[in-house]
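J.: Below is the structure I would like to discuss, written out as structure tokens.
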Amino acid sequence: MSEIDEFYFPEEVFTTNILVRLPIKSLLRFKCVNKRFYSIICSPYFARLHLNELPASQLNRHLLIKHKTIFLSFDFDSLRAAARADCCPFRYRGGFFEDGSRLASIIESKFDVRHSYIFAVGSCDGLVCVEAGEPYLLYIWNPTTLECREIRVPEGQEKYGVVYGFRCDTSVKNDYKVVRICQKMSKRETIIIQVFSLSENSWTSSHEQLDGYGERPELTGIGVSVNDITYWLYKAYETDDIQEVHWWIIGYEWVTRKMKRVPPLPEWQMSGSQCPPMMYVMEGRLCACWRTNKNDDYLNVGMMKEGSWMKLYVITQSYVVYAMKFGHQGMHNITDKGSFAIQVGQTEEDILLVDLTRKPPRDARSLRIPSSANLVNYTQTLVSPFVQSFK
Numbered sequence: 001m002s003e004i005d006e007f008y009f010p011e012e013v014f015t016t017n018i019l020v021r022l023p024i025k026s027l028l029r030f031k032c033v034n035k036r037f038y039s040i041i042c043s044p045y046f047a048r049l050h051l052n053e054l055p056a057s058q059l060n061r062h063l064l065i066k067h068k069t070i071f072l073s074f075d076f077d078s079l080r081a082a083a084r085a086d087c088c089p090f091r092y093r094g095g096f097f098e099d100g101s102r103l104a105s106i107i108e109s110k111f112d113v114r115h116s117y118i119f120a121v122g123s124c125d126g127l128v129c130v131e132a133g134e135p136y137l138l139y140i141w142n143p144t145t146l147e148c149r150e151i152r153v154p155e156g157q158e159k160y161g162v163v164y165g166f167r168c169d170t171s172v173k174n175d176y177k178v179v180r181i182c183q184k185m186s187k188r189e190t191i192i193i194q195v196f197s198l199s200e201n202s203w204t205s206s207h208e209q210l211d212g213y214g215e216r217p218e219l220t221g222i223g224v225s226v227n228d229i230t231y232w233l234y235k236a237y238e239t240d241d242i243q244e245v246h247w248w249i250i251g252y253e254w255v256t257r258k259m260k261r262v263p264p265l266p267e268w269q270m271s272g273s274q275c276p277p278m279m280y281v282m283e284g285r286l287c288a289c290w291r292t293n294k295n296d297d298y299l300n301v302g303m304m305k306e307g308s309w310m311k312l313y314v315i316t317q318s319y320v321v322y323a324m325k326f327g328h329q330g331m332h333n334i335t336d337k338g339s340f341a342i343q344v345g346q347t348e349e350d351i352l353l354v355d356l357t358r359k360p361p362r363d364a365r366s367l368r369i370p371s372s373a374n375l376v377n378y379t380q381t382l383v384s385p386f387v388q389s390f391k
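Note that the UniProt record's numbering numbers the sequence shown so that position 89 is 89, with each residue one more than the last.
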């Protein structure tokens, strides 16, 4: 037996006991060692195995921001540490990083980020779904491996409002699906539901009426997926008076392929477009943050359990409440432990970090990173947009 043979591991042992325990950065480097390493690490089976076996504490979560003509990726744990230390983690001037630049990196992409219509509309298992408004394309992109897949959307909806959802199909191993809800501008009650399967590389389409949802219902925002339902906010008018806008939550059930309205939030001040509720996921459940109708200075935080809302606690910090009431805000779930980035305005350093696991949450701090109309979180994985279903 040669010296090489003495140190040869069976592939199953090598994969399940050694490689699967390594962090993403190490695996990306090991792809270049030899053909055997490359074949194992690039296989769909190993990508899924690594994603499932890696402890939650070792998942490398990032905040992805579209800033002007580039995508920036921030390591969340480093951002949180910098925020607690009250230091400035990032500065971007004239194409160069200054101060704390190690916390951020520019992510390359195969699509043209310079156009304003490029917009990240969701993420799942390390894949980011990106919409290109013209010429009506979608991209499924892994910012970690830089793999990118182009998807052409069905034609004929140029005068439609569109929202998206992106999720892993738990009924089929290693498949991901995009749902595209189209509303005709002149008749919003009629919607077209289009679903794309990455493994089948095809679209399916159906129609539905939003009857009983108020006047001119309009879906908005990035879809939030929990189990087998993807949720969006939608606003509707009680009458033809455009000043009387009400906010609701509606979901698309992937099993029944039907839309479903969520029960109203308790003590919800539905009227007023200045403060729509904000949704997120925590502990595998749909949660929301909304304005109470008893006091404008309070924001309720609640969780959906067994078909009804359970109020968790109230946020009373005046500056956070004010920002969320009147800013161009968005709430973004970053970790399973309940830490969030909140977009509160349009200045250069206006993204707050709030830990909602503290009841009530305290010590909201500015991340001092560039503002953006498009923030999305993702986990570094090896999952490929060119997925193949397997048993």
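By construction, the Cβ of each residue, glycine as well, lies at the ideal position given by its N, Cα and C atoms.
What is the DSSP secondary structure of residue 257, reduced to helix, strand or coil?
T.: Residue state, collapsed to three classes: coil.
J.: Rounded to the nearest angstrom, what separates residue 209 and residue 232 at their Cα positions?
T.: Rounded to the nearest angstrom, the two C-alpha atoms are 16 Å apart.
J.: Could you give the first and the last residue of the continuous alpha helix (DSSP H) run that contains residue 38?
T.: It spans 35-41 - the alpha helix (DSSP H) in which residue 38 sits, taken as one unbroken run.
J.: Could you tell me how far apart the beta carbons of residue 377 and residue 61 are, in whole angstroms, since I believe they sit closer than 8 Å?
T.: Contact flag correct, Cβ pair sits at about 6 Å.
J.: How big is the Cα-Cα spacing for residue 332 and residue 283?
T.: Note on residue 332: pLDDT 48, under 50, position unreliable in the model; the coordinate value appears next. Rounded to the nearest angstrom, the two C-alpha atoms are 15 Å apart.
J.: Are there 16 or more other CB atoms within 10 angstroms of the CB of residue 164, so buried, or fewer, so exposed?
T.: With 16 or more other Cβ atoms within 10 Å, it is buried.
J.: Helix, strand or coil for residue 78 per DSSP?
T.: It is helical.
J.: Quick check on this structure: which residue in 173, 195, 175, 171 has the alpha carbon closest to the alpha carbon of residue 182?
T.: Among 173, 195, 175, 171, the Cα nearest to that of residue 182 is on 195.
J.: Please report the distance separating the alpha-carbon of residue 98 from that of residue 71.
T.: Its pLDDT being 49, under 50, residue 98 is placed unreliably in this model, and the value from its coordinates should be taken loosely. Going by the C-alpha atoms only, they are around 17 Å apart.
J.: With DSSP as the reference, identify every bridge partner of residue 219, one or two as the case may be.
T.: In DSSP, residue 219 forms a bridge with 234.
J.: Inspect the CB distances between the stretch 185-195 and the stretch 125-144 and report whether three or more fall short of 8 Å.
T.: Verdict: no, contact absent.
J.: When you compare each of 73, 117, 119, 78 to residue 105 by their alpha carbons, which one comes out closest?
T.: Comparing Cα-Cα distances from residue 105 to each of 73, 117, 119, 78, the minimum goes to 73.
J.: To test your reading of the DSSP string, which unbroken beta strand (DSSP E) runs of 3 or more residues are found completely within the stretch 102-142?
T.: Counting whole runs of 3 or more residues, the stretch 102-142 contains the beta strand (DSSP E) stretches 104-107, 118-124, 127-132, 137-141.
J.: Taking the alpha carbon of residue 51 as the point to measure from, which residue in 385, 142, 188, 379 has its own alpha carbon closest?
T.: When only C-alpha atoms are compared, the closest one is 379.
J.: For residue 431, which three-state DSSP category applies?
T.: Any property of residue 431 remains undetermined from this structure, which presents the chain solely from 1 to 391.
J.: With DSSP collapsed to three states, give me the class of residue 194.
T.: DSSP places residue 194 in strand when its eight states are reduced to three.
J.: Cα-Cα, which of 281, 234, 261 is closest to residue 226?
T.: The candidate whose alpha carbon is nearest that of residue 226 is 281.
J.: Pull the bridge partners of residue 431 from the DSSP assignment, please.
T.: As displayed, the chain neither begins before 1 nor continues past 391, which places residue 431 out of reach and without an answer.
J.: Let's see if you can read the secondary structure: which residues bound the beta strand (DSSP E) around residue 377?
T.: Unbroken beta strand (DSSP E) run through residue 377: 375-379.
J.: State the DSSP-derived secondary structure class of residue 49, mapped to helix, strand or coil.
T.: Three-state DSSP puts residue 49 in a helix.
J.: I'd like the span of the alpha helix (DSSP H) that includes residue 18, first residue to last.
T.: No alpha helix (DSSP H) holds residue 18; DSSP gives it neither H nor E.
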